[in-house]
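For what it's worth, this note's numbering labels the leading residue of the sequence shown as 1, then goes sequentially.
We put the beta carbon where it would ideally sit given N, CA and C, even for glycine.
Bear in mind the structure is a predicted one, so any value in this text is a computation, not a measurement.
To keep things clear, I will list the structure first and then write my remarks on it.
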Amino acid sequence: MGEALSRAGCFQGFFSSIFYLADLGVPARNLADLSLYNEFRLWKDEPTMDRTCPFLDKIYQEDIFPCLTFSKSELASAVLEAVENNTLSIEPVGLQPIRFVKASAVECGGPKKCALTGQSKSCKHRIKLGDSSNYYYISPFCRYRITSVCNFFTYIRYIQQGLVKQQDVDQMFWEVMQLRKEMSLAKLGYFKEEL
Numbered sequence: 001m002g003e004a005l006s007r008a009g010c011f012q013g014f015f016s017s018i019f020y021l022a023d024l025g026v027p028a029r030n031l032a033d034l035s036l037y038n039e040f041r042l043w044k045d046e047p048t049m050d051r052t053c054p055f056l057d058k059i060y061q062e063d064i065f066p067c068l069t070f071s072k073s074e075l076a077s078a079v080l081e082a083v084e085n086n087t088l089s090i091e092p093v094g095l096q097p098i099r100f101v102k103a104s105a106v107e108c109g110g111p112k113k114c115a116l117t118g119q120s121k122s123c124k125h126r127i128k129l130g131d132s133s134n135y136y137y138i139s140p141f142c143r144y145r146i147t148s149v150c151n152f153f154t155y156i157r158y159i160q161q162g163l164v165k166q167q168d169v170d171q172m173f174w175e176v177m178q179l180r181k182e183m184s185l186a187k188l189g190y191f192k193e194e195l
């Protein structure tokens, strides 16, 4: 009988979450993954940047790793580390004349070769990892993938630091879902041409 009451309490919590979100104007059909919602609520109570916590682990597996997987895997790992440490910078290529690019720029790509994919592409941006003096030229496709992950990390860091105060936990969750959607679109190759 105790087990039946435990299950009943579980279902009651499930339905009260749905009704609560419905009161906020969020249709129940938008609750694609209630377990992720509950993981987020638990994470929000004690926010951490530890990628092994259930909430972040799922997002790493489903969104972050696929977004930051490139053919140049060693550089891709360095990009992920720089994003996690908040030490990655992105800037437009036009800030420095080409004639001043170091000889090592061949391995870092160039205005016509993406350092992350090795493909011949017009590279309008370059990245710098931490304190390194090297810049790596990146295609618009790679830039969008990186920036979508950076946007996610920025928001998560803001929550962890207590800087997101005007939103309740449900609004925060839906903002996280919107940022996950951006990462999903980026990893599928959808990006704005003006990047």
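Item	Value
Helix, strand or coil at E175 according to DSSP, with G and I counted as helix	helix
S139 burial status per 10 Å Cβ neighbour count (16 or more: buried)	buried
Contact check, T69 vs A76, beta carbons under 8 Å	yes
Reduced DSSP secondary structure (H/G/I, E/B, other) of E91	strand
Burial state of T147 (16 or more Cβ within 10 Å)	buried
Through-space distance from V169 to E84, alpha-carbon basis	23 Å
Reduced DSSP secondary structure (H/G/I, E/B, other) of K58	helix
Proximity below 8 Å, CB of V212 to CB of I64	The structure shown does not extend to residue 212, since the chain is modelled only from 1 to 195, so the question has no answer here.
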